[in-house]
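Here is the structure we will look at.
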Amino acid sequence: MIETLRRAPLLSRLDLAQLARVSEHTVRVKLSADQLLFSQGDAAERFYLLLQGQMRLYRLSPEGAEKVIEIVSPGQTFAEALMFLSAPRYPVCAAALGPSELLAIDAKNFAAMLRESVDTCFVVLGALSQRLRGLIGEIDDLTLHTATSRVARYLAAKLVPGRDALELDVRKGVLASRLSVQPETFSRVLKSLTAQGIIRMRGAQVDILDVPALMRIAELEDRLSPGPLSIGTLNSQRP
Numbered sequence: 031m032i033e034t035l036r037r038a039p040l041l042s043r044l045d046l047a048q049l050a051r052v053s054e055h056t057v058r059v060k061l062s063a064d065q066l067l068f069s070q071g072d073a074a075e076r077f078y079l080l081l082q083g084q085m086r087l088y089r090l091s092p093e094g095a096e097k098v099i100e101i102v103s104p105g106q107t108f109a110e111a112l113m114f115l116s117a118p119r120y121p122v123c124a125a126a127l128g129p130s131e132l133l134a135i136d137a138k139n140f141a142a143m144l145r146e147s148v149d150t151c152f153v154v155l156g157a158l159s160q161r162l163r164g165l166i167g168e169i170d171d172l173t174l175h176t177a178t179s180r181v182a183r184y185l186a187a188k189l190v191p192g193r194d195a196l197e198l199d200v201r202k203g204v205l206a207s208r209l210s211v212q213p214e215t216f217s218r219v220l221k222s223l224t225a226q227g228i229i230r231m232r233g234a235q236v237d238i239l240d241v242p243a244l245m246r247i248a249e250l251e252d253r254l255s256p257g258p259l260s261i262g263t264l265n266s267q268r269p
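For reference, each letter of the sequence shown is one residue, going 31 to 269 in the numbering used here.
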């Protein structure tokens, strides 16, 4: 348990005694595909480290529509920032995309440990600051790029150096929500990239036939017109 905890970036700089203390207040959780971990509005008593599988964090609109906020991969923690709030509640729902295993860490005990060590507190705040910078970058992507550019940027980011193929390991509907595009728009973008000879779809595998062209679309696709941004602007997707 201690070695598993140490591999998480958020916990990697804790000393052995601190890791032992965390492990004493940590339990393993196994989820089946689509099983709910917690719901929006539940009391946030724990934060989580994903060991295997994938999790989707999403919000529900009053009408019941689902907006995916983040897709969590193994090695990532989530819901940790809530420990700094009094009487915190989860602002999102969390559900497994497939069979998953997590460590559930007691947030109140962890926060108490932070109060005892200023150095540890700054380590955790540094990790949270890096997460915040990443989220700001995602906001830039959503506000400055078209739907086509966002899909191209996602595919480009998934490419491994030396390979020209990748797997869409997330359901297309979930991925579309994560990129803030409608599912039909996501499908149209993939068809357009295919028609241009930039990609080839083979089930869940995407072959990148023209990497430079994909990179150009990812970085240089027409941006939304300048001016004040509104929710309406963000929701008007262009393929």
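Built from N, CA and C at the ideal position, the CB exists for glycine as well. These numbers were taken from a predicted model, which means no experiment stands behind them.
**Request:** Would you kindly check if the distance between the Cβ of isoleucine 229 and the Cβ of valine 236 is under 7 Å?
**Result:** Their beta carbons are under 7 Å apart, which means valine 236 touches isoleucine 229 by this criterion.
**Message:** What does DSSP give as the partner residue(s) for arginine 119 in the beta ladder?
**Reply:** Ala73, per the DSSP bridge assignment.
**Prompt:** Which class does alanine 111 belong to by DSSP, given the choice of helix, strand or coil?
**Reply:** Note: alanine 111 maps to helix in three-state DSSP.
**Asked** Should serine 69 be labelled buried (16 or more other beta-carbon atoms within 10 Å of its own) or exposed?
**Response** Answer is exposed; the Cβ neighbour count stays below 16.
**Asked** Going by alpha carbons, who is nearest to proline 121 out of Ala141, Ser42, Glu100 and Val153?
**Response** Taking proline 121 as reference, the option from Ala141, Ser42, Glu100 and Val153 with the minimal CA-CA separation is Glu100.
**Request:** Examine the Cβ distances between the region 66-85 and the region 146-156 and report whether three or more of them are shorter than 8 Å.
**Result:** The region 66-85 makes no contact with the region 146-156, as fewer than three CB pairs between them are under 8 Å.
**Item:** Where serine 159 falls: helix, strand or coil (DSSP)
**Value:** In this structure, serine 159 counts as helix in the three-state DSSP scheme.
**Asked** Mapping DSSP to helix, strand and coil, what is isoleucine 286?
**Response** Because the chain spans 31 through 269 in this model, residue 286 falls outside it and cannot be assessed.
**Request:** Determine the direct distance from the alpha carbon of leucine 144 to that of arginine 86, and round the result to whole angstroms.
**Result:** Rounded to whole angstroms, arginine 86 to leucine 144 spans 28 Å at the Cα level.
**Prompt:** Which term fits arginine 37, buried or exposed, when burial requires 16 or more other beta carbons within 10 angstroms of its beta carbon?
**Reply:** Exposed, because fewer than 16 other Cβ atoms sit within 10 Å of the Cβ of arginine 37.
**Request:** State the CB to CB distance for the pair isoleucine 271 and valine 190, rounded to an integer number of angstroms; the pair is presumed to be in contact (CB under 8 Å).
**Result:** Given a span of 31 to 269 for the chain in the structure shown, any question on residue 271 remains unanswerable.
**Prompt:** Cα separation between alanine 186 and methionine 231?
**Reply:** So the alpha carbons of these two residues sit roughly 15 Å apart.
**Asked** With DSSP run on the structure shown, which of helix, strand or coil describes methionine 85?
**Response** Per DSSP, reduced to three states, the secondary structure at methionine 85 is strand.
**Request:** Could you work out which residue in Ala111, Leu223, Leu90 and Asp149 is closest to alanine 125 when comparing CA atoms only?
**Result:** Alanine 125 has its Cα closest to that of Leu90, out of Ala111, Leu223, Leu90 and Asp149.
**Request:** Could you work out which residue in Lys60, Ala63 and Met31 is closest to leucine 46 when comparing CA atoms only?
**Result:** Each of Lys60, Ala63 and Met31 was checked against the Cα of leucine 46, and the nearest Cα belongs to Met31.
**Message:** Output needed for alanine 117: all residues of its chain with C-beta closer than 8 Å, excluding positions within five of it in sequence on either side, in chain order.
**Reply:** Annotation for alanine 117: Ala73 place their beta carbon closer than 8 Å to its own, counting only its chain and skipping 5 residues before and after.
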